[in-house]
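Sequence lines, in order, name chains A and B. Just so you know, we're using the numbering used here here: the first sequence kicks off at 1 and counts up by one. Just so you know, we're using the numbering used here here: the second sequence kicks off at 280 and counts up by one.
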Amino acid sequence: MIETRNFRILRNIVLTILSLWVAVPLYVVVSTSLKPLKDVSGLFQWIPDELTASPYFDIWTTVPLAKYFQNSLIITVAATVCSVTVAVLAAYAVARLQFRGRRAFSLTVLSTQMFPGILFLLPLYLIFTQIRNVTGLQLQGSYLGLIITYMTFTLPFAIWMLTGYFAAIPKELEEASMIDGTGRMGALFRVILPVAKPGIIAVAVYSFISAWGEVLFASVLTNEATKTLSLGLKSYASESDVFWNQLMAASVVVSLPVLIGFILVQKHLVAGLSAGAVK
Amino acid sequence: MTHSALDRGDPAPGGGDAPQPGLASGPVPDPPAARTALPVRKKKKSFLPYGLVLPAALLELLIHIGPMLLGVWIAFISLTQLNLTNWLNAPFVGLQNFVNGLNPESTIGQAFFSTVGRTLLYTVTVVGFSWVLGMAGAVFLSSNFKGRAILRTFFLVPYALPAYVGTIAWAFMFNQRDGAVNQILVDTLHLFGDERPFWLLGQNSFGAMIVVNVWQLWPFAFLMLMAALQTVPADVYEAASIDGASLWQQFRSITLPMVRPANGVLLLVMSLWTFNQFNIPFVLFGAASPKEATLVSPLIYQNSFGSWNFGLGGAMSVLLLIALFIASFFYIRMVLPKGADND
Chain A
1 MIETRNFRIL
11 RNIVLTILSL
21 WVAVPLYVVV
31 STSLKPLKDV
41 SGLFQWIPDE
51 LTASPYFDIW
61 TTVPLAKYFQ
71 NSLIITVAAT
81 VCSVTVAVLA
91 AYAVARLQFR
101 GRRAFSLTVL
111 STQMFPGILF
121 LLPLYLIFTQ
131 IRNVTGLQLQ
141 GSYLGLIITY
151 MTFTLPFAIW
161 MLTGYFAAIP
171 KELEEASMID
181 GTGRMGALFR
191 VILPVAKPGI
201 IAVAVYSFIS
211 AWGEVLFASV
221 LTNEATKTLS
231 LGLKSYASES
241 DVFWNQLMAA
251 SVVVSLPVLI
261 GFILVQKHLV
271 AGLSAGAVK
Chain B
280 MTHSALDRGD
290 PAPGGGDAPQ
300 PGLASGPVPD
310 PPAARTALPV
320 RKKKKSFLPY
330 GLVLPAALLE
340 LLIHIGPMLL
350 GVWIAFISLT
360 QLNLTNWLNA
370 PFVGLQNFVN
380 GLNPESTIGQ
390 AFFSTVGRTL
400 LYTVTVVGFS
410 WVLGMAGAVF
420 LSSNFKGRAI
430 LRTFFLVPYA
440 LPAYVGTIAW
450 AFMFNQRDGA
460 VNQILVDTLH
470 LFGDERPFWL
480 LGQNSFGAMI
490 VVNVWQLWPF
500 AFLMLMAALQ
510 TVPADVYEAA
520 SIDGASLWQQ
530 FRSITLPMVR
540 PANGVLLLVM
550 SLWTFNQFNI
560 PFVLFGAASP
570 KEATLVSPLI
580 YQNSFGSWNF
590 GLGGAMSVLL
600 LIALFIASFF
610 YIRMVLPKGA
620 DND
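Written out as structure tokens, the structure is:
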């Protein structure tokens with residue numbers, strides 16, 4: 001819009017309100033994470049009386065945070081890597097090749113992307129039970145079980161986004177490469193993948209973020225040994241007490257990796273999301 | 280897709296007899312295949328696409344299609360925690376689960392239908408507020424000023440945070456008597472007189488949940504609307520303002536129509552996410568939401584893993600599934616370009 005004086009005044013007001021709206025909860029988290037325990041139980045104080053970094057050290061001993069971290073990392077990375085690998089191949093085929101069932105396949109991917117985890121939770125639980133009954137393989141509470149369930153949301157998303165990225169790459173690029181005798185697969189690996197790398201990384205980061213924040217499957221399919229961060233953070237609340245300062249410190253620590261990743265790839269992510277979702 | 284290939288193929292200076300655009304011409308010619316010649320097509324039959332799609336198709340079958348079919352089956356059997364480990368032998372009960380659970384006369388049925396209604400109200404409210412905030416942010420960040428890039432990234436933070444972290448932050452702020460929300464509303468603004476309302480119990484919990492969800496969702500609307508607004512050329516606004524159009528008129532007759540195509544998908548996607556919301560109530564209230572704030576996904580969860588009434592959870596899942604299939608039909612119509620129909 002045109003920057004008249006009114007526009008600028010209005011802009012300042014609106015952006016200030018929006019900034020406060022975003023900032024206040026973030027400020028509460030960070031400031032609380034730096035307070036001693038005695039200062040977090042009573043009336044909330046906007047200006048801390050006393051600053052301390054000790055919650056950031058205590059979080060590791062109050063609960064097995066490192067273990068939860070490790071669990072989340074293993075499950076999230078594995079689900080992301082599997083999804084992206086499988087999705088790269090499928091998305092390339094959908095974006096570039098004609099084959100029977102292509103449309104049916106894309107429709108399936110597209111619609112399952114919108115279905116909530118709650119629809120898959122109980123059936124997958126039963127399937128896991130049956131697998132255990134037949135083969136003795138214990139999937140409930142195992143990394144593998146969670147990785148599989150996490151792919152219910154990372155895979156369709158990755159296929160859909162990557163299809164968009166691949167379709168946006170000019171065909172001439174791989175045609176040139178195929179004339180040079182690389183063949184389809186050679187063109188995919190030597191030409192398309194390098195060109196699409198930023199997009200692929202963005203998709204991977206986004207899958208990672210969504211798996212990192214998952215709660216539903218984790219609440220049913222983990223046990224003490226495989227508990228992820230999303231549930232582990234609850235342990236800062238005991239029957240009688242909530243260690244709010246440590247809970248907030250842990251929240252900061254847990255958020256930083258995904259926040260940094262998001263900020264690094266956000267440009268490519270926006271391009272992909274808006275190409276995929278909003279045409 | 281096919282069209283653009285042809286469009287691009289013709290004027291391209293690719294040299295006299297460069298291969299015809301399209302997929303039929305393998306650059307490594309394969310004469311035998313061409314000569315055995317089916318009358319019209321000389322396309323070599325290739326298994327490559329199937330090989331590429333196979334892993335994904337198998338996984339889709341394993342994690343989506345299979346479970347969905349099984350989910351429908353669950354709705355027709357009597358599944359309790361007693362036969363959970365031996366569910367293949369659970370007795371078939373036909374429509375019993377639907378009759379028991381969804382009878383509008385019964386308490387369970389009433390709870391179900393009021394939950395659906397509440398979830399719809401919740402969805403409309405959350406999506407409405409998120410859209411308005413996202414639009415406001417997008418409009419004002421589309422202009423150039425110092426600090427724009429920083430604000431843009433900053434506004435995305437709630438969206439990038441793990442959902443449970445944002446919710447925990449709000450849970451702390453809504454925290455009973457002493458939280459930051461009551462600090463502002465009661466101590467600073469002196470609302471509610473001497474009372475310090477509880478925000479995570481009873482009636483208020485519904486509103487609290489909306490606030491948390493809007494906080495997490497609006498950056499997505501902002502993101503998408505920003506992308507949509509970037510396609511509006513600046514001189515359109517210039518022309519309008521020379522003609523004396525007010526800011527509001529510019530917004531109504533330029534900005535809004537320009538984001539119309541983006542809006543359809545954006546609103547639908549946000550509605551689906553909100554309608555299916557599970558994380559926020561689960562972190563905010565625990566496994567059982569207050570009855571004034573129970574949404575569909577948490578209700579199915581409660582029935583299945585709280586009161587072990589799997590048949591009921593299954594019946595509700597089937598209804599949800601049907602609703603989502605209808606919604607996804609519209610979503611697909613909006614998202615897939617028309618040209619993709621004919622292959």
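All C-beta atoms in this analysis are idealised placements derived from N, C-alpha and C, irrespective of residue type, glycine included. As the structure is a computational prediction, the values presented were derived from the model and not from experiment.
Using the three-state DSSP reduction, which class does residue i fall into: helix, strand or coil?
i, result
"A:F115", "coil"
"A:V215", "coil"
"A:N6", "helix"
"B:F608", "helix"
"B:L341", "helix"
"A:V63", "coil"
"B:W587", "coil"
"A:Y106", "Checking the sequence shown, residue 106 of chain A turns out to be Ser, not Tyr. DSSP places A:S106 in helix when its eight states are reduced to three."
"A:K35", "coil"
"B:D466", "helix"
"A:P48", "coil"
"B:Q389", "helix"
"A:A79", "helix"
"A:Q138", "coil"
"A:Q98", "coil"
"A:L273", "helix"
"B:V436", "helix"
"A:G130", "At residue 130 of chain A the sequence reads Gln, which differs from the Gly that was named. Reduced to three states, the DSSP call for A:Q130 is helix."
"B:Q556", "coil"
Have a look at the DSSP bridge pairing and note the partners of residue i.
i, result
"B:I356", "B:F371"
"A:A237", "A:V242"
Apply the 10 Å Cβ neighbour rule to residue i and answer buried if 16 or more other Cβ atoms are within range, or exposed otherwise.
i, result
"A:A53", "exposed"
"B:I601", "exposed"
"B:P308", "Confidence is the limiting factor: at B:P308 the pLDDT is only 44, short of 50, which leaves the residue's position unreliable, though a coordinate-based value still follows. B:P308 is exposed by the Cβ-count criterion."
"A:N6", "exposed"
"B:P569", "buried"
"B:F604", "exposed"
"A:P185", "The sequence shown places Met at residue 185 of chain A, not Pro. The residue is exposed, with fewer than 16 neighbouring Cβ atoms inside 10 Å."
"A:K267", "exposed"
"A:Q138", "exposed"
"B:S385", "exposed"
"A:T135", "exposed"
"A:L89", "buried"
"B:L468", "exposed"
"B:P512", "exposed"
"A:G181", "exposed"
"A:N223", "exposed"
"A:L20", "exposed"
My assumption, with CB atoms under 8 Å, is that residue i sits in contact with residue j. Please give the rounded CB distance.
i, j, result
"B:L349", "A:I17", "At roughly 48 Å, the Cβ-Cβ gap does not stay under 8 Å, so B:L349 and A:I17 are not in contact."
"B:V597", "B:V351", "6 Å"
"B:L563", "B:V460", "Contact flag wrong, Cβ pair sits at about 13 Å."
"A:V81", "A:N245", "That belief does not hold up - the Cβ atoms of A:V81 and A:N245 are roughly 35 Å apart, past 8 Å."
"B:T432", "A:I263", "6 Å"
"B:D457", "A:L188", "That belief does not hold up - the Cβ atoms of B:D457 and A:L188 are roughly 59 Å apart, past 8 Å."
"B:V544", "B:M595", "With a Cβ gap of about 27 Å, B:V544 and B:M595 do not count as contacting."
"B:F554", "B:T402", "5 Å"
"B:M549", "B:A507", "In fact, because the Cβ distance is near 14 Å, the residues do not count as touching under 8 Å."
"A:G141", "A:L221", "7 Å"
"A:T152", "A:F105", "Wrong, their Cβ atoms sit about 17 Å apart, outside the cutoff."
"B:Q495", "B:A415", "So it is not a contact: roughly 17 Å between Cβ atoms."
"A:L51", "A:L34", "5 Å"
"B:W366", "A:T129", "7 Å"
"B:M488", "B:I559", "6 Å"
"B:F419", "A:V14", "5 Å"
"A:L233", "A:G117", "The pair is not a contact, with the Cβ atoms about 19 Å apart (cut-off 8 Å)."
"B:A448", "A:V28", "6 Å"
"B:N362", "B:N368", "7 Å"
For this session: Entirely within the region 152 to 235 of chain A and at least 4 residues each: give me those alpha helix (DSSP H) ranges in chain order.
Result: 171 to 179, 183 to 187, 193 to 212, 216 to 221 and 229 to 232
Problem set entry | Every unbroken alpha helix (DSSP H) within the region 479 to 543 of chain B, with a cutoff of 4 residues, ordered by chain | 483 to 508, 513 to 521 and 526 to 529
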